[in-house]
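Numbering (the numbering used here), first residue to last: 1171 to 1827. Here's the structure we're looking at; comments come further down.
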Ligand code: BES
Ligand code: ZN
């Protein structure tokens, strides 16, 4: 701690003592895991447990004392320094009349100054303390505000290493001429670029004024104007209250092309036409979802296609989903990702989990809605294939996954880093549970229930317990004899997947299974007439059903027929390269290196890294490739790859993230 911090700590304690709010040091630490609490324990419905369900162990904020109602950002984008700098002004709602401080989440921020508005409209300096950083949570920023200022302003600068931002050199973009920058705030990275109450319990409206070099277009999760002049000076408004993880910004050589009156694509000039062609069904998707669950409430729905280093498939930033370019494969076979991000406009952005422990309320509901959109637009056979792939992945993950991470509503302390949640649980088990309810109650009644649920909790953040309290009278008891609360509680609080889960079958995959079996038996490749009709999911299933290892000759035969090595389709690469690595098929090494260097989407590249580190030669290759790929990776991807390599080097140390 530097001297300024120490002296401001002293003043803070004095000020806080005067305000009878106490020095900030007693702020509750994240609750520790209760060793006695096992995943199989019955749900605890006591008042204490319910209150705990809303405690966000991933934030230092004290939202029962004071809440940010509105955020006004004033930011400058500096590509040379890789920094955002400026100020955040909060309009506050002081819920506790005795409160004397505002506690914010930050990570790697330099806080320059804090001022508070007085009742007479003048602004005074406020004292503040930045605590030492916690590895996962970052640094608590405590601002003494004994007068409970209606507005407080923090002036700050981000670090070039901000976990929620990626800065790309021109060479890392498609156009090669303009640098690029984008944010990824979920789960808890907004705090690395804006000091905030970084918990989904708090919702706020926002405005932003952002300056940038003239050749960079700036976009945010707000009212982007498709016709905005690229003049280096941009203003945004987000009139609907959103949680912090939906705060988003991007800047680069971006142009817009419409899909419909309310929807379109922002992308680098070289990528925009193929993006518009791939995502041409977006307006239809919006209409299908509106018919099921009520009006789209966010005005425009645009998509921003990012460079391939984007660490996720997509991110549901309101009004502007962020999308990986790896789903642009030419046949629309991966556009369920768009259905997914769009679906979040109801499940997630409208009705939001109140803490990341309840991730399934966002992702499970969204995966369910995504599948309904896919079924409506592309047919049941496509929806079934997507379900089978996800559920096979869950089965594989559950062979090793800690049972306490297999429950939908995580116990306090079950997960130290919210980025490490089990996606098989949150997405696939969550969606499966809703499909179970749909089948038992019938589509008509279940659809009506979900539609009312989205209306009832619109613009609120809730824990699983609130959902269950709503579910019981509005579905379970309303149509008696179909599902018991005990069955519901098994889905929500027990590990594994209940036996009553709907079975998932796919006739198209049966044909793929037969083709694979025939080839494995005597090398007969399936008829070209059959494989010519295969989409990504069928190729994925063909490869996933292969034995642990194949002979080099077998791999070479498949390559000769289908050119898997070097495939431009990341979903195929994600399955083919680990099989090649496990089989010792060195012919694929150059293509593997190129794949790992070109793409930073975590889900696509991690299986190959994980396969590589299992042998000394593979580990060597992984390290060499990582060394050259690393400057192009997002901090989230870098962290995951580092953890896998570190764990392989020292198997006893727990390097897993
Ligand atoms: N909200 C998620 C992305 C996310 C989740 C980021 C948790 C950080 C923490 C987004 O909607 C999502 O689910 N993306 C998926 C794609 C989807 C089709 C399953 C992804 O990125 O893989
Ligand atoms: Zn999602």
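Beta carbons: idealized from backbone N, C-alpha and C, even for Gly.
Delimiting residues of the beta strand (DSSP E) encompassing residue i
| i | result |
| --- | --- |
| residue 1631 | 1630-1632 |
| residue 1508 | Note, residue 1508: premise wrong, no beta strand (DSSP E); alpha helix (DSSP H) at 1506-1513. |
| residue 1261 | 1253-1264 |
| residue 1239 | 1236-1248 |
| residue 1454 | That residue, residue 1454, is in no beta strand (DSSP E); its alpha helix (DSSP H) goes 1452-1463. |
| residue 1282 | 1280-1287 |
| residue 1722 | Segment 1722-1732 is the alpha helix (DSSP H) holding residue 1722; no beta strand (DSSP E) there. |
| residue 1521 | 1521-1523 |
| residue 1272 | 1271-1276 |
| residue 1321 | 1321-1327 |
| residue 1352 | 1350-1353 |
| residue 1415 | Unbroken run through residue 1415: none, as it is neither H nor E. |
Neighbourhood of residue i by C-beta, 7 Å cutoff - its chain only, sequence neighbours within 5 removed
| i | result |
| --- | --- |
| residue 1517 | 1532, 1535, 1536, 1539 |
| residue 1752 | 1718, 1719, 1781 |
| residue 1831 | Any question about residue 1831 goes unanswered here, given that the chain covers just 1171 to 1827. |
| residue 1820 | none |
| residue 1294 | 1285, 1286, 1288 |
| residue 1785 | none |
| residue 1745 | 1710, 1713, 1714 |
As assigned by DSSP and simplified to three states, the class of residue i
| i | result |
| --- | --- |
| residue 1486 | coil |
| residue 1296 | coil |
| residue 1421 | strand |
| residue 1340 | helix |
| residue 1439 | helix |
| residue 1410 | strand |
| residue 1229 | coil |
| residue 1427 | strand |
| residue 1375 | strand |
| residue 1783 | coil |
| residue 1646 | helix |
| residue 1756 | helix |
| residue 1737 | coil |
| residue 1599 | helix |
| residue 1466 | coil |
| residue 1803 | coil |
| residue 1310 | strand |
| residue 1789 | helix |
| residue 1381 | strand |
Residue i versus the options, residue with shortest Cα-Cα distance
| i | options | result |
| --- | --- | --- |
| residue 1400 | 1292, 1723, 1386 | 1386 |
| residue 1787 | 1670, 1438, 1756 | 1756 |
| residue 1477 | 1351, 1701, 1456 | 1351 |
| residue 1410 | 1240, 1613, 1722, 1745 | 1240 |
| residue 1335 | 1439, 1374, 1633, 1803 | 1803 |
| residue 1604 | 1662, 1256, 1790, 1282 | 1662 |
| residue 1430 | 1244, 1447, 1424, 1423 | 1447 |
| residue 1291 | 1314, 1303, 1263, 1320 | 1320 |
| residue 1524 | 1255, 1599, 1630 | 1630 |
| residue 1259 | 1557, 1510, 1654, 1379 | 1379 |
| residue 1329 | 1692, 1255, 1398 | 1255 |
| residue 1357 | 1454, 1402, 1229 | 1229 |
| residue 1427 | 1419, 1440, 1420, 1418 | 1440 |
Same chain, Cβ closer than 6 Å to residue i, neighbours up to 5 away in sequence not counted
| i | result |
| --- | --- |
| residue 1743 | 1737, 1765 |
| residue 1575 | 1592 |
| residue 1276 | 1308, 1309, 1311, 1361, 1365 |
| residue 1688 | 1694 |
Nearest-angstrom Cβ-Cβ length linking residue i and residue j, presumed shorter than 8 Å
| i | j | result |
| --- | --- | --- |
| residue 1520 | residue 1493 | Incorrect: roughly 20 Å between the Cβ atoms, too far for contact. |
| residue 1554 | residue 1405 | Contact flag wrong, Cβ pair sits at about 46 Å. |
| residue 1231 | residue 1261 | No, residue 1231 and residue 1261 are not in contact; Cβ-Cβ is about 16 Å, not under 8 Å. |
| residue 1436 | residue 1472 | 6 Å |
| residue 1488 | residue 1416 | 5 Å |
| residue 1559 | residue 1724 | Wrong, their Cβ atoms sit about 23 Å apart, outside the cutoff. |
| residue 1815 | residue 1783 | 6 Å |
N-terminal and C-terminal residue of the alpha helix (DSSP H) that residue i is part of
| i | result |
| --- | --- |
| residue 1698 | 1698-1701 |
| residue 1626 | 1613-1626 |
| residue 1766 | 1759-1768 |
| residue 1658 | 1655-1663 |
| residue 1711 | 1706-1714 |
| residue 1544 | 1529-1548 |
| residue 1688 | 1677-1692 |
| residue 1218 | 1217-1223 |
Cβ neighbours of residue i in the same chain (closer than 8 Å, five flanking residues each side left out)
| i | result |
| --- | --- |
| residue 1346 | 1340 |
| residue 1644 | 1619, 1622, 1623 |
| residue 1808 | 1800 |
| residue 1611 | 1619, 1645, 1649, 1652, 1653 |
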